[in-house]
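Participant: Pasting a structure here, questions to come.
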Amino acid sequence: MAFTFNTDEVFEIAERIEANGAEYYETAASSVSDARYGSLLKDLAKREREHLATFSSLRKELSSEERTSAVSDPDDESSAYLRALADSEVFYGKKTDFSSIRAILLGALDREKDSIVFYVGMKDLVPSVAGKAKIDGIIAEEKRHITALTAELRALKA
-4 MAFTFNTDEV FEIAERIEAN GAEYYETAAS SVSDARYGSL LKDLAKRERE HLATFSSLRK
56 ELSSEERTSA VSDPDDESSA YLRALADSEV FYGKKTDFSS IRAILLGALD REKDSIVFYV
116 GMKDLVPSVA GKAKIDGIIA EEKRHITALT AELRALKA
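Residue 113 in the numbering used here is what sits at position 118 of the sequence shown, and the numbering runs on without skipping anything.
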């Protein structure tokens, strides 16, 4: 059975992805001994938490139409599917290498790219009337994460 997801469900999963990202960065921060990188990783975790708050706020502003699913989902299968994707594919389904700051940043960059792929895929499942423009906002946030991580990787090379 094919599902059409609504914007509320996409924002719910975005919140989960951001929470998972914050957890990744917090775990990474606790695994490094260098205070500078520990601080950097804690800052990235803080940014993830701020994005979580932003997405939560956006979700609260959705209209009733955007909260209404386009398909009947009496068993909550679509929401369960989205939660499972966020937990297993984007941040938890990958091997985590905390052996160096470079490995941590590369892992984070990979996860951020996967987040964008997830959001672009979900955007295709949401009817235009239900807020594709808001999903574009999520994608823009993740692109900013990639920009910041890439800058840090360049700084490591210098």
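Ideal Cβ positions, reconstructed from N, Cα and C, are used throughout, including at glycine.
How is residue 13 classed by DSSP in three states: helix, strand or coil?
Facilitator: Residue 13 sits at position 18 when you count from the first residue of the sequence shown. Three-state result, residue 13: helix.
Participant: Residue range of the alpha helix (DSSP H) that residue 147 falls in?
Facilitator: For the purposes of this step, residue 147 is taken as the residue at position 152 of the sequence shown. Residues 127 to 152.
Participant: Return the Cβ separation of residue 3 and residue 61 in integer angstroms, given the expectation that the two are a contact with Cβ distance under 8 Å.
Facilitator: For the purposes of this step, residue 3 is identified with residue 8 of the sequence shown, where counting begins at 1. For the purposes of this step, residue 61 is identified with residue 66 of the sequence shown, where counting begins at 1. Yes, residue 3 and residue 61 are in contact; Cβ-Cβ is about 6 Å, under 8 Å.
Participant: Based on Cα-Cα distance, which residue from 103, 113, 108 lies nearest to residue 5?
Facilitator: Locating residue 5 in the sequence shown gives position 10, where the first residue counts as 1. Considering only alpha carbons, the answer is 113.
Participant: Helix or strand or just coil, what does DSSP make of residue -4?
Facilitator: Within the sequence shown, the letter at position 1 stands for residue -4. With a pLDDT of 45 at residue -4, under the threshold of 50, the modelled position of this residue cannot be trusted, and the question is left open.
Participant: Is residue 92 helix, strand or coil by DSSP?
Facilitator: Residue 92 sits at position 97 when you count from the first residue of the sequence shown. Taken through DSSP and simplified to helix, strand or coil, residue 92 comes out as coil.
Participant: What number of angstroms, rounded off, separates the C-alpha of residue 97 from the C-alpha of residue 116?
Facilitator: In the sequence shown, the residue the question calls residue 97 occupies position 102. In the sequence shown, the residue the question calls residue 116 occupies position 121. About 29 Å.
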